[in-house]
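Each residue of the sequence shown is one higher than the one before, starting from 1 at the first, in UniProt numbering.
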Amino acid sequence: MHEVQWLIFTVIALALLFDFINGFHDTANAIATAVSTRALHPSYAIMMAAVLNFLGAMYSTGVAKTIGTDIVKSAQHVDEHIIVAALVGAVLWNIITWYFAVPSSSSHALVGGIIGAVLVSVGTDGLNFGGIGKIILSLIGSPILGIVSGCLVMTLLFRLFGRFSPSAINHRFKKMQVLSAAMMAFSHGSNDAQKSMGIITLALLSGGYIDVFEVPTYVKVLAATAMACGTAVGGWRIIKTIGGKIFKLEPISGFAADLNSSTVIFTATLLHLPVSTTHVVSGSIMGVGTAKRVNAVRWGVAQQMVMAWVLTIPCTAMMGAVAYLGVCAIFK
């Protein structure tokens, strides 16, 4: 019993660390466009994002239930060792990609870590392939939707405001970017923080601390606080990549990217689907850039990001598998 308590404590600590790293790793999702166009001062943008990340994280628990119940078949097929290993793999991947300024997906990292740890521990019988398929489909489909809808939104704005001078348009849209960045920060919190909530709740369920999969209020507050604190620290490396290296943003295009991203992400939250906010934002920026001119997008940078998207789940699955063996060697 003493060992189980320590493992539960370790799961909670790692999940909150994951949320904290997710916060500073994915700060760029909410504020990179507003910072790069100078609509918001970086310090003000980060604090606004931190507050709205917290409020968004408290919104619902539907995504948490998807993460906690759709990857493994049941709580009987997962224990604290598996969850610790999955979190270790996801945290390591986030740190590595942050260090090299590669906008990768925390969602992909967490899903991959869980899959790898479960495969090594109980084999394929422990995985819910129907649920995993739904999650992967949402993770892959959302950035594609971001590209297409981003292009459409930007095209519509060009038709509505194309007769005005660029200076007048950018002056007005700088102010509107504050609103779109706020929407983006709220939607980011509403989706991303729930992933750690789902992991912690799954650990509490497998350890016998709760009887059914319902996210306790204190878990919501802890996860929301951890993400908000991480956001407050800021992830300047990723901000630089997203804000300027994919496509040179102007206030109107930054507004379009944020508006489109927040709509896609919050819709996924309402449907209880986990998505990668990094991928959605990056896809939206690519779509917005394509609407202006196809060769305006730096496709070389985009290609590097796509490679990171493709590699994240298999790499974190291997990390989760290795971490599981290490956790078992320590605790078993």
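Quick reminder that beta carbons are idealized off the backbone N, C-alpha and C, glycines included.
Check                                                                                                                                                  : Outcome
Please classify Gly243 as buried or exposed, where buried requires at least 16 neighbouring CB atoms within 10 angstroms.                              : In this prediction, Gly243 has a pLDDT of 48, which is less than 50 and means its spatial position is unreliable; what the coordinates show is noted afterwards. It counts as buried.
Check the C-beta distance from Met183 over to Gly287 and give it rounded, since I have them as a contact under 8 Å.                                    : Between Gly287 and Met183 the Cβ distance is about 17 Å, and since that is not below 8 Å, they are no contact.
Tell me, to the nearest whole angstrom, how far the beta carbon of Ile83 is from that of Ile199; I am working on the premise that it is less than 8 Å. : 6 Å
Rounded to whole angstroms, what's the CA-CA distance from Glu214 to Lys65? Just pull it up for me.                                                    : 8 Å
Taking the continuous alpha helix (DSSP H) assigned at Gly207, which residues delimit it?                                                              : Here Gly207 belongs to no alpha helix (DSSP H), and DSSP marks it neither H nor E.
Roughly how many whole angstroms lie between the Cα atoms of Gly62 and Phe173?                                                                         : 33 Å
For the region 241–323, list the alpha helix (DSSP H) runs that are entirely contained and at least 4 residues long, ordered along the chain.          : 251–270, 277–292
Taking just the CA atoms, how far does Ser74 sit from Ser36?                                                                                           : 45 Å
Closest to Ala185 by CA distance: which of Gly123, Asp19, Gly23 is it?                                                                                 : Gly23
Does the pairing of the region 161–180 with the region 79–94 give three or more beta-carbon distances under 8 Å?                                       : no
I'd like the list of long-range same chain contacts for Ala329, defined as Cβ closer than 8 Å, with 5 residues on each side in sequence excluded.      : none
Just reading off the alpha helix (DSSP H) that Ser104 is part of, what are its end residues?                                                           : Premise fails: Ser104 is in no alpha helix (DSSP H) and is neither H nor E.
Applying the 10 Å Cβ sphere with the 16-neighbour rule, what's the burial state of Val294?                                                             : exposed
What's the C-alpha gap between Ala226 and Cys315?                                                                                                      : 25 Å
So the candidates are Gly150, Gly112, Asp79, Val78; which of them puts its Cα closest to the Cα of Leu92?                                              : Gly112
So, are the CB atoms of Gly89 and Met319 less than 8 Å apart?                                                                                          : yes
By Cβ distance below 7 Å, which residues in the same chain neighbour Met58 in space, the five residues on each side in sequence not counted?           : Lys220, Ala224
Is the separation between the beta-carbon of Ser180 and that of Thr269 shorter than 8 Å?                                                               : no
Do you know how far the Cα of Thr263 is from the Cα of Asn53?                                                                                          : 15 Å
Using a Cβ distance threshold of 8 Å, determine whether the region 116–130 contacts the region 146–166, with at least three qualifying pairs required. : no
Between Thr278, Phe158, Asn260, Leu160, which lies nearest to residue 333 when the distance is taken from Cα to Cα?                                    : No answer is possible for residue 333: it lies beyond the span of the chain, which begins at 1 and ends at 332.
Am I right that Ser187 and Ile265 are in contact with their C-beta atoms under 8 Å? What's the rounded C-beta distance?                                : 4 Å
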